[in-house]
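Shown next, in structure tokens, is the structure this report addresses.
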Amino acid sequence: MMEITLQLSDKLYEQARQWAAITQQELDDALTDALSLVLTPVYISPELEKPVASLSDKEILAQSQMQMAASQGQRFSKLLRQQRENKLSEDEHRELLALGQLYQRLWLRQSEALAEAVRRGIHPPLHS
Numbered sequence: 028m029m030e031i032t033l034q035l036s037d038k039l040y041e042q043a044r045q046w047a048a049i050t051q052q053e054l055d056d057a058l059t060d061a062l063s064l065v066l067t068p069v070y071i072s073p074e075l076e077k078p079v080a081s082l083s084d085k086e087i088l089a090q091s092q093m094q095m096a097a098s099q100g101q102r103f104s105k106l107l108r109q110q111r112e113n114k115l116s117e118d119e120h121r122e123l124l125a126l127g128q129l130y131q132r133l134w135l136r137q138s139e140a141l142a143e144a145v146r147r148g149i150h151p152p153l154h155s
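With the numbering used here, letter number 57 in the sequence shown gets 84, and the count goes up by one each step, no holes.
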């Protein structure tokens, strides 16, 4: 394991501290997990690799409603509960990180698709 020193803005430090409290972890463990989540490669299906702007209206609308598979969502929820109870094995911890990254990518893709749908006028704006 490599030890490093980071300089964080006050705002980022506070967010990290809050995340550590929510996940009931020491700050260094929470930051390590956050970096692992961001840096862990996860398989991305080919349809997620196309730029959103290049998709058809039908594809845009479908992706704006895209969600994690029910079985993955249930597993993700279960692993999050186990993490709060400090009952995760090392393999489950890695699985949780991968599912978290997948969730994050799906949410980002859904958001991009929704923004594109609004831009194209095929979905009403979210605010009036």
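Idealized CB from N, CA, C, for every residue including glycine.
Given a cut-off of 8 angstroms, decide if residue j and residue i are closer than it, judged by their beta-carbon atoms.
i	j	result
Leu183	Ala47	The chain is shown from 28 up to 155; residue 183 falls before or after that span and cannot be answered.
Gln109	Glu119	yes
His150	Leu88	yes
Leu133	Met95	yes
Asp84	Arg147	yes
Gln101	Leu126	no
For the alpha helix (DSSP H) that contains residue i, what are its first and last residues?
i	result
Ala42	For the sequence presented, residue 42 should be read as Gln rather than Ala. Counting along the chain, the alpha helix (DSSP H) containing Gln42 begins and ends at Asp37 to Ile49.
Excluding five sequence neighbours on each side, which residues of the same chain lie with their C-beta closer than 8 angstroms to the C-beta of residue i?
i	result
Thr50	Ala57, Asp60, Gln110 and Arg111
Ala2	Given that the chain is displayed from residue 28 to residue 155, the structure contains no residue 2 and the question cannot be resolved.
Kindly list the residues whose CB is nearer than 7 angstroms to the CB of residue i, restricted to its own chain and excluding five residues on each side of it in sequence; keep chain order.
i	result
Gln34	none
Ala144	Ile87, Leu88, Ser91 and His150
Got a sec? Which residues, its chain only, sit under 6 angstroms from residue i by beta carbon, not counting five neighbours each side?
i	result
Leu115	Gln109
- Message: Restricting to runs no shorter than 4 residues, where is the alpha helix (DSSP H) found entirely within the region 79 to 144?
- Response: Runs of the alpha helix (DSSP H) inside the region 79 to 144: 84 to 91 and 97 to 111.
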